[in-house]
Each structure stands twice: as C-alpha cells, then as structure tokens.
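Q: Below is one structure. I have some questions about it.
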Amino acid sequence: MSSFTENNSQLCCEHDRIMDILRSIPHFSELQVDSLKVMALVCNHMNYQPGANVFGAGDIDNKAYYIVEGTAEVIRATDQGEVVVGAFAQGAFIGALALLSDVKRLFFLRAKTPLKCLIIPRKKLSQTLGQSGNGFQVFLKSIAASIVAWEEVQLRSGTSIKSSPGGAGVSLL
Amino acid sequence: MPSTSEYTPVTKKSIYSWVFYKNTHLQLLVVGIILVTVALRLIPLEMSKRIINEAVGMRDLHRLYLYCGIYIVSVVLASVLKMVINLLQNFIGERTLKVLRERLYAHALSLPLNFYRKTSPGQVISYMITEMIPVANFIGSAVAVPAVSLLTFLAYFIYLFYLNPYLSLMAVAIYTAEVFVIPPIQKKFNKANRERIDNTQKVSGIIGEAISGVHEVHSNASIPLERNRYRRALQKLYRSTLVMNAYKYGIKFSNNFFQSLGPFSLLLIGGYLTIKGRFDLGALFAFQAAYDKLYQPWKDLMEFWQIYIDSSVRYKQVMDAFDIEPDHELEAKGRAPYHLDGDISVRHLTYAVGSNIKLLDDVSLEIGEGEHVALVGFSGSGKSTLALCIAQLYKYTGGSVRIGGHEVAELSKQDMAHNLGMVAQHPFIFNGTVWDNLMYSCDALTLQGGGCARNGRPPTLDKVIEVAQQVGLFLDVLSFGLRSTIEPDEYPDLAKAIIHARHEFKAEHGQDLANDIEIYTHDSYVYYGSVAANIITGAPLKDNYNAAPLHEWPLFKDFLVRQELMNPLVELGTTLTRRVVDIFSSIGDVPEELYKESPIRQEDFEQYKSIADHLERGLKPTEEEVALLLKLALNCIPGVHKLGSISDELARMIVEARTPFRKMMQERDPLAFAFLDEDEYMRGRSIQDNIVFGRVKPDSAGAEERINQGIMQLLIMEGVLEQVVEMGFHFEVGSMGDRLSGGQRQKIALARIFLKTPHIVILDEATAALDNASQKRVQSVITRKWKGINTVVAVIHRLDMLVHYDRVAVLKAGKIIEQGTYEQLIDKKGALYELVYGKQ
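Read top to bottom, the protein sequences are chains X and W.
Quick note, my numbering runs 55 ahead of the 1-based positions in the first sequence.
Quick note, my numbering runs 19 ahead of the 1-based positions in the second sequence.
In structure tokens:
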C-alpha cells in the first residue's frame, strides 16, 4: 500500500475517530458495529470558543454531546445572577435524554476553555437507527438502565432522596 | 349558469352520470360516426361476393377494377373513422378524468380533520390517481364500445341473414352455445386461481418464517422438520396450479372448438347447398368472411363487460370512502363574507369524541374585542382543543361558540379566512420558496376575495422584510441569500459590490474571525473544498469545460498521470467506495439523509456497489470503473465527507499541481477558466464564500451567525442588502420544508399571520420551537401591535409569557378550573400557582 492512503485503511478518517468515541460511551456499547458505523456518519464535531453556549437554559434540545477536548461549565441562571453548579471535562457524555424526546434544558452548558464536542442528533439518529434492526430499542434500554443505576449510586452513597420530585426517587417517575 | 348537477356532491354522482356529463354532443357525434363506419364495413363483404360472382365468374376485368376500388376506399374510410372514434373516446375519458379528479380533490380537502385520522395520504393518492384510470377508460368507452360492437355484430348478422337465413341462424346458435359453456368453466377457473394464490401465500409465509427464525432452526437442528412443512405446502400449491391450468386450457379449447365449429358447419351445409345449386359460390365466400368477422365485436363486448364490472366496483369504493359531508360551508353563499367583531363568547361548550369521551366539558369563556387571553394547563387538559374549536377546525358537539355574535359552526370557511388566523404548534411548510410560504395565508385570502394589504395588493418587499425582522427570520433569510450563487455577468453591480465588500471584510474582520473561516490561498489545501476544486482552483468559463466531467476529460487525466496524482486518487476512490458500500449495505433502505454524508450520490450507488463487489473478489477494475473511482476521489470533500481523508503528502502534491494546471490551461485555452484571484468574482461559489474569500467552517459553533452579522453591515454600506435578502426569500425550502429548522418553520408560520393581521388570532403554542430570546421578541411584538385592537387566544406552554396576557384560563381534564388576571390567580394560590411554582 502506498503512503498516500496508508492511513485510510488503518485509522485516520473522521468516521473512524467518531466510531472510537461512540464505542467508548456506555449507552452505545451494546449496539451492533453496523449500527455504530451508520451512527458515526450522522454525528458531527463542533468547536466552541471560551464563553460560547453549547445550549442555554430554556432551550428545547434534541441533541446529546460528548466532550472530546476542553471543559464546559454547567450554569444555572437565578434571580441573583448566574451560578456555576458543575463542570464537565473531556470524556463526559451529556444530555442523552434528548435522544428520546425533545428536552427542555434547565442549565446553560458553556465552554470554559476552547471546547470540542461530538454532537449526536436525535432526528438523524432515529432515522438511521430505525433502519438497522433493534438499534434504537437497545439504546432505550440503556437509557432507562442508566437512570436506575444513577439513583442506585445516589442511594448507596446516602444522598437524601427527599429533594427528588414528589419526594420519591427519579427511577419511580 | 351552472347546471344543478354542479351542486350534487361528487360522491353522490353515479358512474353513468359522467358518461354524458358535458359530453352529450360528443357522444352523439360518436354514435353518428359509428353508424357510418358499420355501414362501410359491410361494403367489402358485398364487394367480395360480387368480385367472385360477377367479375371473376363473368371474366369481366372492368368490374373487377371497379369493385376492388370500392373495396379499398371503404376499408380505408372505415379505418380512418375508427381512429376518429378512438380519439373521441380517449378525449371524453381523459377530460372527464380531469374533472373527476379536480372535484374529488376539492371535496377531499374540505373533509373534517377527523377523516384524515383514519385515512392515510397514500390511500387518498391511490384513490385519486390509480383507481380513477380504469373508471375514466370506462366513461370514455361507455357509448362507443358497446355501440360499435353491437351494431357491427347486428350488421353482419343481417347481412348473413340476407345471404341465407338458415345458415345465419345456425351461426348465431353456435355463439349462443358458447355463452352457456364458457362462463361455468371460467367460474371454476377463478375459484382454482384463488386457491393457488392462497397456497402461494402460505408457501411464502413458511419461507419467510423459517428464514427469520433460522437461529432457532439451527439450534434445534430442525432442517428436516422445516423441510417437511415446506414440502406439504408446496404439494398443495403444485396441485392447485395444475388444476387451475387445466381449467385455463379448457377455456382455450372451448374457444377454439367453437371458433372452428362455425366454419366447419358452414362448409358442410353451405357446400352441400352450393353443390345442389341453392347457394352461389360468391355468397358462400362472403358468408365465410362475414362469419369470421362476427368474432371480433363479440370479443370486444365481452371485454367491455369486464371493464364495466371492474370500474363500477372501483368507482363505488372510491366514492364510498369519500362520502362524508364537510363540516362547514366553504363559501358564504349569496352574501359577502362577514366582517366580524372581535369578541368571542364560549358557552357550555362540549366536544366529545368516540364513545362520548369529553375532551371539552361545559366550558364557558367570554373574551372581549382586542383582549389577549392565554389558555394553560397540563397536556391533555383540552387547551389546544378549545383553541381549535374556536378556530372552526373541530366541530364542537354541544354548547356554542360565537364570534362577533355569529355561531362559529354556522360560519363558512370563507368567513373564517376573512376574520381569523391561526399558527399551529407544528406548522406545515409547503414545497416552494420561503416567499411562497410567507404569502400562503395572504394568497389564500386573496383568492377568497380578501387581501393582506389595504389596497388588495400583495404585501410589498419592505413590509415582508419588516415582518421577517419582527419574527426573527431576517438573519435566516439573509443567510439563505448569502448561500445563493450568481453569474457575475448577469449581476455586474452586485458582483462588484461583493468584491469590494470582500476587501472591507478582510480589513475589518480578518483577524477576529480567522478561526471561523478557511481562507483560500494559493499554497494551502482547502479541506472544505473538493479535491477537484483544490486542483483547478477556479471555475470553467466555457460551456464545453462545464459539460465534460473532469474524470472523463483525457487532457485532465494525462495531467494527473504526469503529476503522479492518478494512482493516489484512484486509491482514494477505492477506499471511499469500499467504506461507503460496507456501511450502506448493512442497512436495508438507505435514507436520503445519509447520502448527504457520502461522496457517492444516491443514483450512482448501485454502480459503486458492483465495483466494490469486484474489488472484494480480487478482480482488477475495468477502465470504466477506474474512471468512476477517480470521479469519486475528485468529488471528495474531506471536511464534509467523514469517510474521506487526504494525507498530508497527498494534500501537498495537490497544492503543487495547481501552478502546472494553471500554466497548462493558459497555454492551451487562456479564456477557458477563471482562476482564483482576490480581485475577481469567484464563479460557482456562494455570495458568502465570495465575501469571506474562503469557506465558513461548519464545525465552528456560531461562526455563520458571527460572520453574517459582519457581512450584513458591509452589504448595507454597499447598498445591496435588500437585493441579497430578496434572493434569500427565493430559497427553496424542500419537501415539507425539510431544509429548514423547526424554529425557522415556526417563524415562517408566525410571519404569515403577521402579514395577514387578522382580526382574531389563535396561537397554539406558536412560539414553542423558538429559543428564549426570539420567543420574548415575538411576544413583545404581539403585545405591542395587537393589544386592544386584535383579539388573541393563545395556548401557552412557557408560563413566563403569561404576564403579557390580559387574562389567563387554566384548564384541567376538559374544564376551565379558574380564570382571571395573572396576578389574581397567583395571589389565589390555586391551579395556576401550582403550575408555575409546583405543588407546595
């Protein structure tokens, strides 16, 4: 093989890089490789300059995000001004619920450093995964499982569930 | 003056009524021509008799020529007239089909929304298009075919009777016998055919099931078991097919038998009579010829009967499907449309569906003229249903809704169009331009005798731009405009202004927007451009270079070989082909969306699939295949196509090839290409590309907005902003507006209503798809423009908008549970308080 396309057959093009990221995200790890390949085609990278919003509070969103590089802050707008309530760094997968249905964002997600995200859009995803076997069902299961797992961790670590909606756990929603 | 039949609903008309619907004179003309044709058809028979008896028998050459002459003239004339009959028949059929489809479509669109819950668009399309074709054929031929067949049959029979009554009765007896013998066999054939179809389906079912469950089959090693099941079903299919074919050949045999029985009896008896001198030879010959001709009209008549049965069934099926009355009159009959006052009175309103499920239950609400009222509640509370009942989209089942004192159920659609406008939660955008979609409500109103502007004219460009700014659509339209490509020769002033803006842009924004743009330079590879564009760095000026695709152009191919680019590019094409085919083959039906991510176009996919298949089997690609691989590589845009990638080495070689290419072209054909030049307009590139002299990076968040803001200022200074925005209004939105975002679709719907400015406005979560800032802006325009003047009923999803409304009605389970001003309800700490602040 010549030097020009040597990289192509190994790992070099954008598609392969996205595939690698998707395979590292637990929500998608059970998907078949064929489904992942299709999915990688519809996901895109996006670069944000420091201070730019990935999404804003009140936005109706239909995309999930994976942080490839940089850090992002989670900000809540209150009457007293903006409060930083958390941060996500490289490797974080954010907002998967929006892959099930439009979700109202309650926080701002803002680039703290130059930020590179992989964007996973629901519309294209359901169109393409709908075509390939039970891809979407596998994904639905993993979302439900991740919500229950999250609460389990909360309970084990002794975090009070009193603050949860209706006084009961999120998994009972 | 239209006849009364115009007012009979199309679904109530019988299929026969169309035969003469506006066609009576044509059908009479057809009958007239048929009579002449039938008469002409008898002449050849009589002539052949005379030729044998009088010319040949008497050895009279003169008569031979005369009779032959008459023979040929009558044959030609009869054929010409038959063609005229066919043309008329076709004309009547197609014209009626057009009228039928028009009236059926208008009727279908007027049917209540409920109808379309049960009927899919595909079904309506099939009713309107496919099912109507045989019906039209029947209508066209309803007079002509039976008339031609019956008259021809009768004429031949009379002629036969005139030649010999006994023989003619015998001939007809044979046809009558056929009627008794063939239909029973046909019936048995039909039954056998149905059985065969059932059995075929069973066999297909077994195959499908076994293949879907092949895991189970393998894990149970049940191949013999499945084979037995399959064999049994196959045996049944085999038997039923044999039986069906036996009946089929039985019908064929009977047909042939009766066909031959005629001439046989004729020759036996006719020959006997001729020998005995009771029948002459010419008559026998003519009789034989006429008898043969009896068959065709007979067959035509049988076929016509089949068409009749088939098309009446289809017609009835279609008309039954649409046989529903529209809920409301379409037009205000015998009066001008009402100009309604803006007060709305809802009293004891009930809307029940299905088995008395009340979506609205005894709802009462009084809204004054110019008042802005918000409807809130959880989903399923009936707030949208209430809005849709007021807007006449649902026909309420009890109580009353009055607008300006008039009962909504009794108003016509035309009255509603003149007084009311609505923005739906998921507005529908039609295929066409942004402009067409903005004008949709105005155009509809103009056709109904109204108009959006005071003078009855369509809104001006300035007005539309103003509205676009109010709903926040202006920047979107500008960016559509900036994406358009222009011919600099057609717009010399605009091109000049754009080049000027290019220099200004570089001076003003060059530094701060450097991360957002990939600038075109002579010595760096452009990742957001195709490989071909990277080599030629320009656009062809002459048509012959446009027409010949680069991969087929020998000069260009030689050039690539000389630059040692041919092999690496074909290799790139090979890699792309393998990867795309690998991914797309794993999914059944590749959605159109995915092709946008691939350098292979949808229509070319099968070709590349077969190339990939050849490569997989280790075959050497043919010359044609190599050309296709090269084409793919040349079209690859690494910044867009994720499967393509250009190594640094290849990028360097491509950049190095630019100067030799330019040199080669300047030597061979200096005026063939316009090469990249900072002082020239770049052909084939968008206005935006031309101003930034590069490509806006699609992976830089917010880049396009930042750049367009800068460009807008420059276009204002150059005095060409309006021209570019106008181009943006002509942007094609795609089927169902799929090239627009949800927000853009909603902004267009809002702009429609702002342009129409109806007296009463119904908003059904009309700003739900907008971002926070746009939502606030639109709400403030609504409040500022319409409060106290135009009545607004708004279903509100985002509760922070409620402060802008005069009154709020809270719905729960189809009832209004509280209403009042926002402050009153919050102070009351009731249902609204709970909605806003949650359960305490």
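No residue lacks a Cβ here, since even glycine has one placed at the ideal position from N, Cα and C.
Remember, it's a predicted structure, so these values are computed and weren't measured experimentally.
1. Quick check on W:E842: does DSSP put it in helix, strand or coil?
2. In three-state terms, what does DSSP make of W:R714?
3. What residue from W:L821, W:S284, W:L560 and W:N264 has the CA that sits closest to W:Q843's CA?
4. For W:K661, name the three-state secondary structure that DSSP assigns.
5. When burial is assigned at 16 or more other CB atoms within 10 Å of the CB, is W:L64 buried or exposed?
6. Please classify W:L851: is it buried, with 16 or more other beta-carbons within 10 angstroms of its beta-carbon, or exposed?
7. Check the DSSP bridge columns for W:F272 and list the partner residues they point to.
8. Tell me whether the beta-carbon of W:S403 lies closer than 8 Å to the beta-carbon of W:D783.
9. Could you pull the DSSP bridge partners for W:T452 from this structure?
10. Where does the unbroken alpha helix (DSSP H) through W:S604 begin, and where does it stop?
11. Thinking just about the alpha-carbon of each residue, which of W:N42, W:L497, W:Q742 and W:N438 is nearest to the one in W:P511?
12. On the DSSP letters alone, give me the boundaries of the alpha helix (DSSP H) that W:T810 sits inside.
13. Which residues mark the beginning and the end of the beta strand (DSSP E) in which W:H391 is found?
14. Where W:I152 and W:L96 are concerned, what is the direct C-alpha to C-alpha distance, given to the nearest angstrom?
15. Please confirm if W:A526 has its CB atom under 8 Å from at least one CB of chain X.
16. Quick check: the Cα distance between W:V103 and W:N450, rounded to an integer number of angstroms?
17. Throw me the rounded Cβ distance for the W:G289 and W:L186 pair, which I believe falls under 8 Å.
18. Closest to W:L116 by CA distance: which of W:A166, W:Y86 and W:N42 is it?
19. Got a sec: is the Cβ-Cβ distance from W:V797 to anything in chain X below 8 Å?
20. Looking at W:F737: is its Cβ nearer than 8 Å to the Cβ of W:H522?
21. For W:L378, does the count of other Cβ atoms within 10 angstroms reach 16, so buried, or fall short, so exposed?
22. Going by DSSP, what residues sit across from W:M441 in a beta bridge?
23. In angstroms, rounded to a whole number, what distance separates the CA positions of W:D508 and W:V711?
24. Kindly say whether W:I673, judged by its beta-carbon, lies nearer than 8 Å to any beta-carbon of chain X.
25. Can you give the Cα-Cα distance for W:L368 and X:N102, rounded to whole angstroms?
26. Quick check: the Cα distance between W:L613 and X:K118, rounded to an integer number of angstroms?
27. Could you say which of W:N239, W:D757 and W:A720 lies nearest to W:L532 if we only look at CA atoms?
28. Would you say W:K561 and W:L690 are within 8 Å of each other, going by their C-beta atoms?
29. Where does X:I73 fall in DSSP's three states?
30. Using 8 Å as the threshold, is the region 123-137 of chain X in touch with the region 194-204 of chain X, meaning 3 or more CB pairs across them?
31. Taking a cut of 7 Å between CB atoms, which residues from the region 700-730 of chain W lie near chain X?
32. If we cut at 8 Å on Cβ distances, does W:N654 have a partner in chain X?
33. Starting from the beta carbon of X:A107, find every residue of chain W whose beta carbon is closer than 9 Å, and list them in chain order.
34. Determine whether the beta carbon atoms of X:V97 and X:C172 lie at a separation below 8 Å.
35. What residues of chain X sit near W:E625, judged by a beta carbon separation below 8 Å?
36. What is the rounded straight-line gap between the Cα of W:L261 and the Cα of W:R213?
A: The answer reads as follows:
1. helix
2. strand
3. W:L821
4. coil
5. buried
6. buried
7. DSSP, once it has assigned bridges, lists no residue as partnering W:F272.
8. yes
9. W:E751
10. M585 to S604
11. W:Q742
12. Taken as a continuous stretch (DSSP letters only), W:T810 belongs to no alpha helix (DSSP H), being part of the beta strand (DSSP E) at T810 to V814.
13. H391 to V395
14. 31 Å
15. no
16. 41 Å
17. 6 Å
18. W:N42
19. no
20. The amino acid occupying residue 737 of chain W in the given sequence is Glu; Phe does not appear at that position. Against a cut-off of 8 Å, the Cβ pair of W:H522 and W:E737 comes out as no contact.
21. buried
22. W:I781
23. 20 Å
24. no
25. 54 Å
26. 18 Å
27. W:A720
28. yes
29. helix
30. no
31. D718, S719, A720 and G721
32. no
33. A720 and G721
34. no
35. What W:E625 touches in chain X: nothing, since even the nearest Cβ is about 18 Å away.
36. 13 Å
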